[in-house]
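Asker: Numbering (the numbering used here), first residue to last: 5 to 139.
Just so it is clear, CB atoms sit at the ideal spot from N, CA and C, and this is done for glycine as well.
Have a look at this one before I ask anything.
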Ligand SMILES: [Zn+2]
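Written out as structure tokens, the structure reads:
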């Protein structure tokens, strides 16, 4: 039982990078390119779609884990503004029933206050500007 294929695969994968966000993004890019190729009827794009695919596979099985981690980190830093934007929207939607969102009239900082407290005094957490709003 010791030498079943799964154990052997696990052993073989030891010390290798494995899947990460960058590889996943490359795989998705490859898939999108192949879909676009089908839509536009341009077979050349299929060949281009192999590039991110090969890169993703190379990264997953790479033994230079430190280098791959750094690449993934740099990638995450680049996409993180997009990430945090979506994350913020998700939380906004989630507590829309219990909280209200205002923008500071001075610095445009987004402020979150509990809902249903009547007219309240809001102090901007960033610049300290005070303003009154209906919550
Ligand atoms: Zn402010």
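Could you give the uninterrupted runs of the alpha helix (DSSP H) lying entirely in the segment 74-106, keeping only those of 4 residues or more?
Answerer: none
Asker: Alpha carbons only, please: which of 126, 64, 122, 78 is nearest the one belonging to residue 110?
Answerer: 126
Asker: Where does residue 114 sit, in a helix, a strand or coil, going by DSSP?
Answerer: strand
Asker: Quick check on residue 21: buried or exposed, where buried means 16 or more other Cβ atoms within 10 Å of its Cβ?
Answerer: buried
Asker: Determine, using beta-carbon pairs with one atom in the segment 22-37 and one in the segment 79-86, whether at least three such pairs fall under 8 Å.
Answerer: yes
Asker: Quick check on DSSP: helix, strand or coil for residue 125?
Answerer: Strand at residue 125.
Asker: Kindly examine ligand 1 and report whether one of its heavy atoms sits closer than 7 Å to the Cβ of residue 96.
Answerer: no
Asker: Along the chain, where does the beta strand (DSSP E) that runs through residue 15 open and close?
Answerer: Taken as a continuous stretch (DSSP letters only), residue 15 belongs to no beta strand (DSSP E), being part of the alpha helix (DSSP H) at 9-17.
Asker: If you run the structure through DSSP and keep just helix, strand and coil, what is residue 134?
Answerer: strand
Asker: Verify the contact flag: residue 110, CB atom, against every heavy atom of ligand 1, threshold strictly below 7 Å.
Answerer: yes
Asker: What distance in whole Å lies between the Cβ atoms of residue 88 and residue 117, which are believed to be in contact at a cut-off of 8 Å?
Answerer: The pair is not a contact, with the Cβ atoms about 21 Å apart (cut-off 8 Å).
Asker: Going by the C-beta, is residue 130 closer than 7 Å to any heavy atom of ligand 1?
Answerer: Yes, the beta carbon of residue 130 sits closer than 7 Å to at least one heavy atom of ligand 1.
Asker: Which residue marks the beginning of the alpha helix (DSSP H) containing residue 63, and which one marks its end?
Answerer: Counting along the chain, the alpha helix (DSSP H) containing residue 63 begins and ends at 47-65.
Asker: Compute the Euclidean distance between the alpha carbons of residue 44 and residue 99, then round it to the nearest angstrom.
Answerer: 42 Å
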